[in-house]
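If you want the working numbering, it's the 1-based position in the sequence shown plus 826.
Step one of this worksheet: look at the structure below.
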Amino acid sequence: MVNTWTDPLAMTFRDSLTDVGAILPGIIVAILLIVLGWLVGTGVGSLVARVVGALRVDDALRSAKVDEVVERAGFKFSSGGFLGALVKWFIIAVFFMVALDMLQLGPVTEFLGRIVFYLPQVIVAVLILLVAALVADVMERLVVGTARAADIGSPFFVGSVARWAVWIFAILAALDQLDVAETLVQTLFTGIVVAISLALGLSFGLGGKEAAARYIDRVAKELSHKRDV
């Protein structure tokens, strides 16, 4: 009678131990992968944050008042920290996805895979904006200096147009990278290119007209002076 009860229990216990023994190595490896992913992600993310900080991208972003918008929303402004965090969690998510795949958790792995494969697009979009911050700052100074050298009117206005042209192109490129309203982005891009071209053409045209008038007036005075002599 006792054997009738104990034999099925013993068999069930042995089967459970066998199942646990079969999946235990996978669980251990999965945990090790997650820990390794956390360490690698933290290290690489910290390195990226330091590199971006060394490039002084934040200074360029502050010139566009980006820091005020971010801090008004209640966040600490740090482009390096933000990009570093994206890289960190991307690496951790990749290791976590591999760990789940080892445990044969198909649906969860598939869902996480969609998120992981989208993160590089976010990182590229952020990189586009960070590069735009540097390029816009350099472009504004270059255009202002060129306009002053050519004695063109409103050099700071022309420089601002150049700076915001770079920013607008970068924002549209970032939105396109994120697959956000592709048709709308392309339409806006075309319209903004035309508008900026007209603005620059008018600015340089009017400024050039004034410079040409001054040059002609100076030449006329020199010729008149020579005749008098």
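Glycine is no exception: its CB is placed at the ideal position from the N, C-alpha and C atoms.
On the criterion of 16 or more Cβ atoms from any shown chain inside 10 Å, does residue i qualify as buried, or is it exposed?
i            : result
residue 877  : exposed
residue 962  : buried
residue 984  : buried
residue 1000 : buried
residue 974  : exposed
residue 920  : buried
residue 859  : buried
Taking just the CA atoms, how far does residue j sit from residue i?
i           : j           : result
residue 875 : residue 988 : 28 angstroms
residue 884 : residue 958 : 12 angstroms
residue 916 : residue 980 : 46 angstroms
residue 956 : residue 986 : 18 angstroms
residue 909 : residue 923 : 21 angstroms
residue 881 : residue 870 : 17 angstroms
residue 937 : residue 944 : 11 angstroms
residue 941 : residue 949 : 13 angstroms
residue 990 : residue 982 : 12 angstroms
residue 861 : residue 927 : 16 angstroms
residue 966 : residue 996 : 15 angstroms
residue 933 : residue 964 : 48 angstroms
residue 993 : residue 954 : 10 angstroms
residue 912 : residue 902 : 15 angstroms
residue 865 : residue 939 : 20 angstroms
residue 873 : residue 960 : 20 angstroms
residue 879 : residue 907 : 8 angstroms
Taking the alpha helix (DSSP H) that residue i belongs to, which residues open and close that run?
i            : result
residue 1003 : 981-1003
residue 914  : 905-928
Is it the case that the Cβ atoms of residue i and residue j are separated by a distance below 8 angstroms?
i           : j           : result
residue 925 : residue 856 : yes
residue 918 : residue 863 : yes
residue 905 : residue 887 : yes
Would you please state the rounded distance, in angstroms, between the beta carbons of residue i and residue j? I believe it to be under 8 angstroms.
i           : j            : result
residue 972 : residue 914  : Not really, about 41 angstroms apart at Cβ, beyond 8 angstroms.
residue 947 : residue 1004 : 6 angstroms
Compare the C-beta of residue i against all C-beta atoms of chain C and say whether one is closer than 8 angstroms.
i           : result
residue 960 : Looking at the structure shown, chain C is missing, and only one protein chain is on hand.
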